[in-house]
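Chemist:
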Amino acid sequence: MIDILVRGGTLPDGQVADIAIAGDRIVDIAPGIAAEAGLVIDAMGDLVSPPFVDPHFHMDATLSYGTPRINASGTLLEGIALWGELKEQATIDEMVARALRYCDWAVSLGLLAIRSHVDTCDDSLKGVEAMLQVRETVKPYLDLQLVAFPQDGFYRDPTAEANTLRALDMGVDVVGGIPHFERTMADGAASVRALCEIAAERGLPVDLHCDETDDPMSRHIETLAAETIRCGLQGRVAGSHLTSMHSMDNYYVSKLLPMVAEAGIAAIPNPLINIVLQGRHDTYPKRRGLTRVKEMQGLGIPVGWGQDCVRDPWYSLGTGDMLDVAFMGLHVAQMTAPEEMARCFEMVTETNAAIMGLEDYGLAPGKMASLVVLDAGNTIEAVRLRPDRLAVISKGKLVAQKARNDSRLTLPARPDSVHRRH
Ligand SMILES: [Zn+2]
Numbered sequence: 004m005i006d007i008l009v010r011g012g013t014l015p016d017g018q019v020a021d022i023a024i025a026g027d028r029i030v031d032i033a034p035g036i037a038a039e040a041g042l043v044i045d046a047m048g049d050l051v052s053p054p055f056v057d058p059h060f061h062m063d064a065t066l067s068y069g070t071p072r073i074n075a076s077g078t079l080l081e082g083i084a085l086w087g088e089l090k091e092q093a094t095i096d097e098m099v100a101r102a103l104r105y106c107d108w109a110v111s112l113g114l115l116a117i118r119s120h121v122d123t124c125d126d127s128l129k130g131v132e133a134m135l136q137v138r139e140t141v142k143p144y145l146d147l148q149l150v151a152f153p154q155d156g157f158y159r160d161p162t163a164e165a166n167t168l169r170a171l172d173m174g175v176d177v178v179g180g181i182p183h184f185e186r187t188m189a190d191g192a193a194s195v196r197a198l199c200e201i202a203a204e205r206g207l208p209v210d211l212h213c214d215e216t217d218d219p220m221s222r223h224i225e226t227l228a229a230e231t232i233r234c235g236l237q238g239r240v241a242g243s244h245l246t247s248m249h250s251m252d253n254y255y256v257s258k259l260l261p262m263v264a265e266a267g268i269a270a271i272p273n274p275l276i277n278i279v280l281q282g283r284h285d286t287y288p289k290r291r292g293l294t295r296v297k298e299m300q301g302l303g304i305p306v307g308w309g310q311d312c313v314r315d316p317w318y319s320l321g322t323g324d325m326l327d328v329a330f331m332g333l334h335v336a337q338m339t340a341p342e343e344m345a346r347c348f349e350m351v352t353e354t355n356a357a358i359m360g361l362e363d364y365g366l367a368p369g370k371m372a373s374l375v376v377l378d379a380g381n382t383i384e385a386v387r388l389r390p391d392r393l394a395v396i397s398k399g400k401l402v403a404q405k406a407r408n409d410s411r412l413t414l415p416a417r418p419d420s421v422h423r424r425h
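Numbering (our numbering), first residue to last: 4 to 425.
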């Protein structure tokens with residue numbers, strides 16, 4: 004007797020199979036499994052995928068749009084100033100409530116693992132306290148990884164260094180930073196060195212907001228690669244955003260990227276937010292503000308898509324749907340070849356899971372029983388439609404369901420219903 008049988012789904016690689024779940028584990032994946040099950044989910048013709056993973060988010064700021072005011076210029080810098088006002092007023096309870104509400108959205112969309120940066124530039128560290136509480140609350144169904152993020156600058160903010168270390172002492176999982184926001188390039192480089200040393204001492208991963216600017220001379224990724232190698236952190240470091248690389252000199256990039264590959268650094272571009280924030284100082288042509296995704300992938304550098312923001316001081320829209328992120332990334336990076344479109348789906352599932360170091364992840368016997376059934380026939384169709392999540396299973400439990408929902412038509416000489424699968 005097994006607990007759940009997901010019948011007849013199409014896996015991301017195109018294989019059609021049943022998936023048997025007992026307790027919190029996948030116990031078998033094969034066509035025509037005959038076992039009795041407590042719950043049978045009919046996924047005939049539907050895509051069954053491992054859950055979506057978001058490697059870059061800000062859970063302390065989410066769902067706060069308009070409080071205390073709106074970002075009028077639409078820039079990163081006004082967003083940071085606005086967040087400064089908001090965090091003065093925010094309370095732990097209010098931050099927890101917003102975050103839990105967002106996690107409900109995430110679960111309904113099959114997004115079951117999130118890496119969230121949490122601001123450590125606040126002497127009370129109430130954001131850290133709130134997010135640690137949320138991490139504990141959602142643990143039975145959502146893996147939340149926290150990054151100690153000195154939003155106002157590790158050196159630029161007078162107490163950021165001490166508060167970031169305190170946050171790590173409190174149990175935050177990853178070392179963060181923002182070198183391009185330090186006062187000088189030299190301070191930025193020094194912060195990268197210090198943060199990598201902290202990670203090496205404590206045995207933690209590193210994930211920096213790195214070069215989120217249109218300034219082609221913002222080259223902190225170079226220091227991050229060198230420090231990763233010097234501190235022996237290969238495979239544990241991510242550079243988020245890396246938008247300056249969009250504008251960098253091509254010759255310089257030809258030297259830089261092999262070094263990023265050698266350092267085993269992963270890249271996390273955030274296409275929804277950066278297509279909105281970057282290029283604001285340009286007239287025409289306006290730069291896209293996305294890092295060099297395909298070129299990095301060509302060198303074997305892991306690149307995942309991150310969401311970054313939903314309804315906060317930096318981004319007024321957002322749904323929590325990682326397929327929105329893949330959709331935008333596909334367009335901005337022009338990843339339109341069939342294998343590139345399929346890769347965009349892989350980036351918001353398998354690649355992001357690898358970047359976050361989720362060892363129990365994936366559709367295979369023995370792995371954690373977490374999966375999503377989508378109203379799409381394959382991964383490319385999933386990116387195209389961003390369809391309903393018909394069922395979401397987390398750690399062996401059915402946590403969200405949605406009825407298939409085709410539109411009714413009342414048209415002369417046309418069918419009476421339509422669905423957009425093709
Ligand atoms: Zn961010």
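Think of the CB as a built atom: it goes at the ideal place given N, C-alpha and C, for glycine as much as any other residue.
1. Would the beta-carbon of T352 fall within 9 Å of that of P15?
2. Between N253 and ligand 1, is there a pair consisting of the residue's CB and a ligand heavy atom that are separated by less than 8 Å?
3. Would you tell me roughly how many angstroms separate the C-alpha atoms of V150 and D327, rounded to the nearest one?
4. When the Cα of R28 is compared with those of L366, R389, I44 and K370, which residue comes out closest?
5. One question on the structure: do P274 and G332 come within less than 9 Å of each other, judged by their Cβ atoms?
6. Measuring straight from C-alpha to C-alpha, what distance separates E81 and D378?
7. With the cut-off set at 9 Å, would you say R483 and D419 are in Cβ contact?
8. On a Cα-Cα basis, can you pick out the residue from T78, A20, L393 and C199 that is closest to R283?
9. For the alpha helix (DSSP H) that G12 lies in, which residues bound it at each end?
10. State buried or exposed for I73, treating a residue as buried only when at least 16 other CB atoms are found within 10 Å of its CB.
11. For the alpha helix (DSSP H) containing Q300, list its first residue and its last residue.
12. May I have a chain-ordered list of the beta strand (DSSP E) segments no shorter than 3 residues that lie completely inside the region 128–187?
13. Does the Cβ of S247 lie closer than 8 Å to at least one heavy atom of ligand 1?
14. Identify, in the order they occur along the chain, each residue of the same chain with its Cβ nearer than 6 Å to the Cβ of P316, setting aside the five sequence neighbours on each side.
15. Closer than 8 Å is the cut-off here; do at least three beta carbon pairs connect the region 209–217 with the region 232–247?
16. What residue range is occupied by the uninterrupted beta strand (DSSP E) comprising Q404?
17. Helix, strand or coil, according to DSSP, for V313 in the structure here?
18. Count the C-beta pairs between the region 150–163 and the region 181–194 that are closer than 8 Å, then say yes if the count reaches three, no if not.
19. Closer than 6 Å by C-beta to G399: which residues in its own chain qualify, once you throw out the five before and the five after it? Chain order, please.
20. Provide the residue span of the beta strand (DSSP E) that contains A116, from first to last.
21. Is any heavy atom of ligand 1 found at a distance shorter than 8 Å from the C-beta of S194?
22. Which residue's Cα is closest to the Cα of L480: R387, R118, V279 and Q18?
23. Take R222 as the anchor and find which of A202, L198 and L259 has the nearest alpha-carbon.
24. Going residue by residue through the region 345–401, where are the continuous beta strand (DSSP E) segments of at least 3 residues, counting only ones entirely within it?
25. Of the choices F55, D49 and P34, whose alpha-carbon is the least far from that of S397?
26. Cβ of N74 versus every heavy atom of ligand 1: is any distance shorter than 8 Å?
Modeler: Judging by the given coordinates:
1. yes
2. no
3. 23 Å
4. K370
5. yes
6. 39 Å
7. The structure shown does not extend to residue 483, since the chain is modelled only from 4 through 425, so no value can be given for it.
8. T78
9. From DSSP, G12 is part of no alpha helix (DSSP H) but of the beta strand (DSSP E) over I5 to T13.
10. exposed
11. V296 to G301
12. 146–152
13. no
14. N74, G82, L85 and W86
15. yes
16. K400 to Q404
17. coil
18. yes
19. I24, G26, D27 and A372
20. L114 to D122
21. no
22. Given a span of 4 to 425 for the chain in the structure shown, any question on residue 480 remains unanswerable.
23. L259
24. 374–377 and 392–397
25. F55
26. no
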